[in-house]
Ligand code: FES
Ligand code: FES
């Protein structure tokens, strides 16, 4: 029998314990062990970005990351973006601006965008295009994706202003 290792990870706010083979990739752990199939597999070689998830808030490609490397860390997948039945601003942006066609790239694209907006809440178009340059889309031509991210950036900035205490 193959040797397994114990891992404890927090996925979308939920604590998960598992016994996994050391060679198991994070994307397979998410899709097959946890049934979180919103994380897609496009290339398996770190090129397309369909498998992008957040690891401690940073975008990573889960097809080239072992599940055991995620031990003790926090993962966010597309299933963890909406909170309390309310879409995340990035999801709202893709909906409002028609940022998708087939949708295959969309979960990874949204997580790459969330990571970008956490670092840079007010990106220029060029910064957005650079921020999602590791994520490929075969359908949209990217214009609508950029608009969706601009929409989300605006919404998130507005929400921050509302939350900020008045001095
Ligand atoms: S499946 Fe991971 S980058 Fe393409
Ligand atoms: S919407 Fe089809 S690959 Fe991006």
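Residue numbers (this note's numbering): 7 to 173. Glycine included, C-beta positions come from ideal geometry on N, C-alpha and C.
Asked, Found
"Could you spell out the range, first to last residue, of the alpha helix (DSSP H) harbouring residue 97?", "95–102"
"According to DSSP, residue 26 sits in a beta bridge with which residue or residues?", "11"
"In its own chain, which residues sit with a C-beta less than 7 Å from the C-beta of residue 145, not counting the 5 before and 5 after it?", "107 and 108"
"Grab me the residues of residue 163's own chain with a C-beta within less than 6 Å of its C-beta, minus the 5 sequence neighbours each way, in chain order.", "127"
"Write down the C-beta distance between residue 120 and residue 151 rounded to the nearest angstrom, noting that I regard them as a contact closer than 8 Å.", "So it is not a contact: roughly 13 Å between Cβ atoms."
"Starting from the N-terminal end, write out each residue whose C-beta falls within a distance shorter than 6 Å of any non-hydrogen atom of ligand 1.", "47, 48, 49, 50, 52, 53, 54, 55, 56, 57, 67 and 69"
"Taking the alpha-carbon positions, what's the residue 85 to residue 51 distance?", "23 Å"
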